[in-house]
Amino acid sequence: MGDLARRLLVPAIVNLARDGLLDDATTLLGVSHHDVTDEMLRAGLDKFVHENP
């Protein structure tokens, strides 16, 4: 995950979700230069969110 995403994008998305502003129709698209599975991305985001409340 890049620095900009880590510092700004992920916290903003987490805040929107916590405030109930994202519904079930919301789709997030991630793009990487590396082979990353959905599970790897989710695990990395989960770790980041829990380390940075």
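In the numbering used here, the protein residues as written are 25 to 77. Each residue gets a CB set at the ideal place from its N, CA and C atoms; glycine is no exception.
Exercise. Would you mind giving the Cβ-Cβ distance between Val73 and Val38, rounded to the nearest angstrom? I have them listed as a contact below 8 Å.
Key: The residue you call residue 73 lines up with position 49 of the sequence shown. The residue you call residue 38 lines up with position 14 of the sequence shown. Under the criterion of beta carbons closer than 8 Å, Val73 and Val38 qualify as touching, at roughly 6 Å.
Quiz prompt | DSSP-derived helix/strand/coil call for Asp70 | solution = For the purposes of this step, residue 70 is taken as residue 46 along the sequence shown, with counting starting at 1. Asp70 falls in the helix class under three-state DSSP.
Quiz item: Who are the Cβ neighbours of Leu130 in its own chain at under 6 Å, not counting the five residues just before and after it?
Solution: In the structure displayed, the chain extends from 25 to 77; residue 130 sits before or after that span and is not available.
Quiz item: Just curious, the alpha helix (DSSP H) that Ala49 is in, first and last residue?
Solution: In the sequence shown, counting from the first residue as 1, residue 49 sits at position 25. That residue, Ala49, is in no alpha helix (DSSP H); it is neither H nor E in DSSP.
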